[in-house]
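These notes concern the structure reproduced below.
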Amino acid sequence: MAVFNLLVFLWVLLAFAASTSNYSFTQACFNTDNGGASLQIDAYYHTCPDAERIIYSKVEEAVMNDPWMAASLLRLHFHDCFVNGCDASVLLDDTSTFVGEKTAVPNLNSLRGFEVVDAIKCELESVCPEMVSCADILATAARDSVVLSGGPGWDVLMGRKDGLSASKTDANINIPAPNSDLNTLITKFKKVGLDSTDMVALSGAHTIGLARCSSFSSSLQGRSNSNSDGPALDLEFLASLKQLCSSSVESNNATLTALDLATPATFDNQYFINLVSGEALLPSDQALVAGNSPTLEIVESYAIDPLAFFEDFKRSMVRMGSLSPLTGENGQIRRNCRVIN
Ligand code: HEM
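Each residue of the sequence shown is one higher than the last, beginning at 1048 in the working numbering.
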């Protein structure tokens, strides 16, 4: 009987050890936030060791020629990842079988940087043909754009393949609109697997770049300086926007202003300082601090602590960059980012 008890004890012990080791393995895979797929640092170490250097130097050249380009490249990665994962679908031109994402409402006359991605791809194809995916170019160019604007750097996980299709409909549905209220914003981020902290941290990307009057002007009349809308809107700020965007619909499509008027080309925490000072440009920015919104506390913490913002931004960019990647046998490495092979 004693021997039997000992055997049962050993069996339970072994079963427990096996289940905990399995558990930690599952956790470790899960913690990569890419569903266990094999995105990794240095994915091109053997196949294209110069890939990151080439991407950086091309982004640097583009930003030197046009400082606004840093913001545009950062946004391209976001608009790619929110539509069926980071698969470079945003770069595809229309074909006879699908209408691509370039003409979706959030993208049309707004997304830029396609030529810069083409130039990077061209250089990479000449050095290591069919090795580096367009989706990895977008993720890396986004990081480099932040660094070149004075923001933090991070290790970009790579190894994404490029998708074989794109969807204008999904782009219209999944990419949040500038007039979204807080619940809609939270829901859209949650749908792709990102939480409210990710949403606030990633919105900090609006510390660089520009917006067209048409993205926010319709909300200007309705915006007040009452405290029920969160921090009182700065009246001078509101008046200057009304004046800037008072022209016709056509010219409102072309009139641009900085998302962060104080330091428009520097990646810092000024965006959050603007929000708590009542200088939110987009209604969706204002929504983060409206009333008793649960996100107000996060905004306030980033406004007083730039390093906390940087840390969370880096983490959330890696999480966003890991949304539903195509790996292994799925997808392909496009030779030209605009068309499937
Ligand atoms: C929270 C939901 C978001 C909404 C509703 C939103 C909306 C917008 C809108 C309307 C513009 C101006 C576009 C135009 O007028 O042509 C814009 C610009 C921009 N957005 Fe967002 N955005 C959001 C989140 C993000 C995220 C997560 C990122 C990146 C991580 C990002 C990066 C940018 C950048 C960098 C610009 C400036 C682009 C340029 O100057 O070319 N945005 N966004």
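The beta-carbon is built from N, C-alpha and C at its ideal position, and this holds for glycine as well. Since the structure is predicted, the reported quantities are computational estimates derived from the model, not experimental observations.
Between the ligand HEM and G1197, a heavy atom-to-CB distance of less than 7 Å is absent. DSSP places Q1317 within a helical segment (H, G or I) once states are collapsed to three.
In this structure, G1206 keeps its C-beta atom at 8 Å or more from the C-beta atom of D1315. Rounded to whole angstroms, the gap between the alpha carbons of P1372 and E1297 is 38 Å. Going by DSSP, L1303 is part of the beta strand (DSSP E) stretching over L1303 to A1305.
Rounded to the nearest angstrom, the gap between the Cα atoms of S1227 and L1257 is 18 Å. Counting other Cβ atoms within 10 Å of its Cβ, A1279 stays below 16 and is therefore classed as exposed. If you draw a straight line from the Cα of A1189 to the Cα of F1125, it comes to about 9 Å.
Residue C1292 holds the alpha-carbon nearest to the alpha-carbon of S1261 among L1185, F1236 and C1292.
Proximity of the beta carbon of I1255 to the ligand HEM is indicated: a heavy atom of the ligand is located closer than 7 Å. According to the DSSP assignment, A1258 belongs to the beta strand (DSSP E) that extends over L1257 to R1259.
According to DSSP, residue pairing for V1386 in a beta bridge involves N1383. Between L1249 and F1360, the alpha-carbon positions lie close to 6 Å from each other.
According to DSSP, M1205 shares a beta bridge with Q1087. In the three-state reduction of the DSSP assignment, L1370 falls in the coil class. Ranked by Cα distance from M1364, the options N1112, D1202 and F1145 are led by D1202. The alpha-carbon of E1162 is positioned some 11 Å away from that of M1116.
For N1221, the enclosing alpha helix (DSSP H) has its first and last residue at K1215 to N1221. Remark: the shortest separation between the CB of S1157 and any heavy atom of the ligand HEM falls under 7 Å. Distance from the CA of L1138 to the CA of L1322, rounded to the nearest whole angstrom, comes to 32 Å.
Rounded to the nearest angstrom, the gap between the Cα atoms of C1095 and T1142 is 30 Å.
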